[in-house]
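**Student:**
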Ligand code: NAD
């Protein structure tokens, strides 16, 4: 793959993927080793730059000649087609989405617009471009649609989601992702567009917008603000480090089968309260000067999210068969993430300089909790 088009590459997972694709895993970047297998890569990054998309997350990559950033909407069919025809990528990876469940409760329309209509327009442009390719290039082309485990609904205490688990989305976010997935699947079945759908579990790591659980808790710990835990805190999520996710996507791109779907789970189930307590303990240890320690005293149980899924867990056997397993241990990944937010307060200031002020979302109205 010499050239790929990535959408949503200024968001959390997208920006980590852009960095991973062009510069390799973080261990190699720390050693400043040049990965020559990546020097010929080009990446076109189409992002609308919503509140969740930030050029600050791309930093040095904005100067990299292998990276072409374009501000635009995946729902803008003519723009997408123009980019495809100009840059002639061998694959599209669709990360672009409205991604926050709480926001989908307060305002579902944007979710339908990007996650359903946008995905449909992107598929249409991809189909038109792909149909005009010579047969050998058509064969090689891939459309990777990044989806979520949330489309499967909620689990009881036992079992895991498989790729064949029926969809049962419970939030407007999950419903919009499910609808986008159905269009992606239909474009494979009906037109033969080589689509692959991935379902990842909850990602964590650097560059995540501070409305999501981990960065919100880390930052509130650092600032001595209440740590709002929804409901009884017993909801279980399966945590996946974003770099493990990026490795999985690269593998799916090169070794995945068109028409297939792949679950990408961290095999790391944790109750929300356990995660929050672990963050508190890490912050206590890393920042002994904080006057409000122990941070656990900041934990505040708040009204639950309407329709809050109880438990997610993914069976990732198909990914294991491709040779992928998560490599980043949760305790280490979590501590590294806390360290990253401590070291990158300026990034936090810049991405939250707009309207969002870490207020409570997802109750159908905005309630300030801190
Ligand atoms: P994010 O909200 O951090 O980033 C989304 C990006 O998409 C932003 O840069 C935003 O500007 C861009 N975008 C939004 N609407 C757009 C549009 N119409 N056109 C072009 N760009 C647009 O999201 P994320 O957490 O990085 O998630 C990326 C993808 O992974 C999403 O599809 C999400 O559903 C999926 N996913 C996320 C997780 C997770 O834990 N974060 C887990 C599983 C799957």
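Numbering (the working numbering), first residue to last: 688 to 1057. Virtual Cβ for every residue (Gly too), placed ideally from N, Cα, C.
1) Under a Cβ-count criterion, where at least 16 other Cβ atoms within 10 Å of its own Cβ denotes burial, should residue 875 be classed as buried or exposed?
2) Answer with yes or no whether the minimum CB distance from residue 794 to chain E is below 8 Å.
3) On the criterion of 16 or more Cβ atoms from any shown chain inside 10 Å, does residue 915 qualify as buried, or is it exposed?
4) The alpha helix (DSSP H) with residue 774 in it runs from where to where?
5) Give the list of continuous alpha helix (DSSP H) stretches no shorter than 4 residues that lie fully inside the segment 961 to 1040.
6) Taking Cβ to Cβ, would you say residue 743 is nearer than 8 Å to residue 709?
7) Compute the Euclidean distance between the alpha carbons of residue 1055 and residue 1046, then round it to the nearest angstrom.
8) Does DSSP put residue 786 in a helix, a strand or coil?
9) Determine, using beta carbons only, whether residue 861 and residue 835 come nearer to each other than 8 Å.
10) Here's a check: name, in chain order, each residue in its chain whose Cβ is nearer than 6 Å to the Cβ of residue 1060, leaving out the five neighbours to either side.
11) For the ligand NAD, I want to know if residue 834 counts as a neighbour, meaning its beta carbon is within less than 7 Å of at least one of the ligand's heavy atoms.
12) Determine the direct distance from the alpha carbon of residue 938 to that of residue 816, and round the result to whole angstroms.
13) Are there any heavy atoms of the ligand NAD lying less than 7 Å away from the beta-carbon of residue 931, as far as the coordinates show?
14) Measure the CB-CB distance between residue 1029 and residue 909 and report whether it falls below 8 Å.
15) For the ligand NAD, is there any heavy atom lying closer than 7 Å to the beta carbon of residue 779?
16) If residue 733 sits next to residue 770, beta carbons under 8 Å apart, how far is it from one beta carbon to the other, in whole angstroms?
**Tutor:** Walking through what the data contain:
1) The count along the chain shown starts at 1 and reaches residue 875 at position 188. So residue 875 ends up on the buried side.
2) The structure shown contains no chain E, having only a single protein chain.
3) Taking the first residue of the chain shown as 1, we reach residue 915 at position 228. Around the Cβ of residue 915, a 10 Å sphere holds 16 or more other Cβ atoms; the residue is buried.
4) Position 87 of the chain shown holds residue 774. From DSSP, the alpha helix (DSSP H) with residue 774 extends over 764 to 774.
5) Taking only runs of at least 4 residues, the alpha helix (DSSP H) segments lying wholly in the segment 961 to 1040 are 1004 to 1008, 1017 to 1030 and 1032 to 1038.
6) Position 56 of the chain shown, counted from the first residue, corresponds to residue 743. Position 22 of the chain shown, counted from the first residue, corresponds to residue 709. With contacts defined by Cβ atoms closer than 8 Å, residue 743 and residue 709 do not form a contacting pair.
7) Within the chain shown, the letter at position 368 stands for residue 1055. Within the chain shown, the letter at position 359 stands for residue 1046. With a pLDDT of 34 at residue 1055, under the threshold of 50, the modelled position of that residue is not reliable, and the figure given next carries that caveat. Going by the C-alpha atoms only, they are around 5 Å apart.
8) Stepping through the chain shown from its first residue, residue 786 is reached at position 99. Residue 786 falls in the coil class under three-state DSSP.
9) Sequence index remark: in the chain shown, residue 861 carries index 174 (1-based). Sequence index remark: in the chain shown, residue 835 carries index 148 (1-based). Yes.
10) Residue coverage of the chain in this structure runs from 688 to 1057, which leaves residue 1060 outside it and unanswerable.
11) The residue given as residue 834 occupies position 147 in the chain shown. In this structure, residue 834 has its beta carbon less than 7 Å from a heavy atom of the ligand NAD.
12) Locating residue 816 in the chain shown gives position 129, counting from the first residue. Locating residue 938 in the chain shown gives position 251, counting from the first residue. The C-alpha of residue 938 is placed about 24 Å away from the C-alpha of residue 816.
13) Numbered from its first residue, the chain shown carries residue 931 at position 244. Set against 7 Å, the gap from the CB of residue 931 to the closest heavy atom of the ligand NAD is not smaller.
14) One-based indexing of the chain shown puts residue 1029 at position 342. One-based indexing of the chain shown puts residue 909 at position 222. The beta carbons of residue 1029 and residue 909 sit closer together than 8 Å.
15) Taking the first residue of the chain shown as 1, we reach residue 779 at position 92. No.
16) Locating residue 733 in the chain shown gives position 46, where the first residue counts as 1. Locating residue 770 in the chain shown gives position 83, where the first residue counts as 1. Confirmed, Cβ separation roughly 6 Å.
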